[in-house]
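To start, the structure under review is shown below, and the notes come after it.
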Amino acid sequence: MSKDALPEKACQLDSRYWRITNAKGDVEEVQGPGVVGEFPIISPGRVYEYTSCTTFSTTSGYMEGYYTFHFLYFKDKIFNVAIPRFHMACPTFRVSVARLEMGPDEYEEMEEEEEEEEEEEEEDDSADMDESEEDEEERRRRVFDVPIRRRRCSRLF
1 MSKDALPEKA CQLDSRYWRI TNAKGDVEEV QGPGVVGEFP IISPGRVYEY TSCTTFSTTS
61 GYMEGYYTFH FLYFKDKIFN VAIPRFHMAC PTFRVSVARL EMGPDEYEEM EEEEEEEEEE
121 EEEDDSADMD ESEEDEEERR RRVFDVPIRR RRCSRLF
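Under full-length UniProt numbering, the residue at position 139 of the sequence shown is numbered 139, and the numbers go up by one with no gaps.
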C-alpha cells in the first residue's frame with residue numbers, strides 16, 4: 001500500500017480465489033481463507049509478500065483470481081482486488097548424456113555411488129580442494145546430476 005494512503009484505508013486479507021487453467025484448458029478453482037495460513041494486515045507504507053505453489057498436468061498454463069479484504073476501520077466494508085491473468089511455463093532442462101546412454105537401473109546405480117562418494121568426501125572434510133578440482137567437480141555435477149522430472153510441473157503463485 002502506498003505510504004501516502006490514508007490510515008483508514010488499512011485493510012486485512014480475508015480470503016483468496018484462483019482459477020488455474022492448464023494448456024489443455026482444464027480448469028481448477030482454489031479458494032479459501034487467508035494465504036499460506038496467514039491473514040496479513042496491509043497499512044500505509046507496508047507491503048506483504050508470500051510464496052505458494054500449484055501443479056500442472058501440462059508444461060504450461062495460466063492463473064487469475066482475486067483477494068478479498070475488509071477495512072480495519074470499517075469492518076463491514078469488504079472489497080476484492082483482482083489478480084490479472086498471468087502465464088506460467090515449466091523451464092526446459094538438459095538431459096545428461098549419461099542418462100541417455102544408460103538404462104534406468106544403471107543410471108540409478110551410478111547416482112547411488114555418487115551419493116555415497118559425496119558423503120565420504122564430506123566426512124573426510126575435503127575442503128582443501130584446489131580451484132581446478134572445484135571447477136571440474138562443478139562441471140561434472142552440471143552434466144551428470146540433472147534429474148528427469150517424472151512428476152507434474154510445479155509453479156509458484
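Positions of the beta carbon are idealized from the N, C-alpha and C atoms, including for glycine.
State the CB to CB distance for the pair residue i and residue j, rounded to an integer number of angstroms; the pair is presumed to be in contact (CB under 8 Å).
i, j, result
"methionine 1", "serine 43", "6 Å"
Taking 8 Å as the limit between beta carbons, can you name the residues of its chain near residue i, skipping five residues before and five after?
i, result
"aspartate 4", "Pro44"
"proline 84", "Glu64"
"aspartate 76", "His70"
"lysine 24", "Ser57, Thr58"
"leucine 6", "Pro44"
Between the Cα of residue i and the Cα atoms of the options, which residue gives the shortest distance?
i, options, result
"alanine 19", "Pro7, Tyr50, Tyr62, Thr55", "It should be noted that the sequence gives arginine, not alanine, for residue 19. Measuring from the Cα of arginine 19, the nearest candidate turns out to be Tyr62."
"threonine 51", "Glu120, Tyr17, Val36", "Val36"
"alanine 10", "Gly25, Glu28, Leu72", "Leu72"
"glutamine 12", "Thr92, Glu120, His70", "His70"
"phenylalanine 8", "Val27, Ile41, Glu115, Thr68", "Per the sequence presented here, residue 8 reads as glutamate, with phenylalanine not at that position. It is Ile41 whose Cα lies nearest to the Cα of glutamate 8."
"valine 27", "Glu112, Thr55, Glu113", "Thr55"
Buried or exposed for residue i, please, with buried defined as at least 16 other CB atoms from any protein chain shown within 10 angstroms of its CB.
i, result
"aspartate 14", "exposed"
"asparagine 22", "buried"
"phenylalanine 79", "exposed"
"cysteine 53", "exposed"
"phenylalanine 86", "exposed"
"phenylalanine 39", "exposed"
"phenylalanine 74", "exposed"
Counting only the same chain and skipping the five closest in sequence on each side, list residues whose C-beta sits under 6 Å from that of residue i.
i, result
"tyrosine 17", "Gln31, Gly65, Tyr66"
"alanine 82", "Tyr66"
"glycine 34", "none"
For residue i, I'd like the list of residues in its chain whose CB is within less than 7 Å of its CB, leaving aside the five on either flank, ordered along the chain.
i, result
"alanine 89", "Thr59, Ser60"
Name the two residues that bound the continuous beta strand (DSSP E) containing residue i.
i, result
"cysteine 53", "53-56"
"serine 15", "11-22"
"threonine 68", "60-71"
"alanine 89", "78-89"
"proline 33", "27-33"
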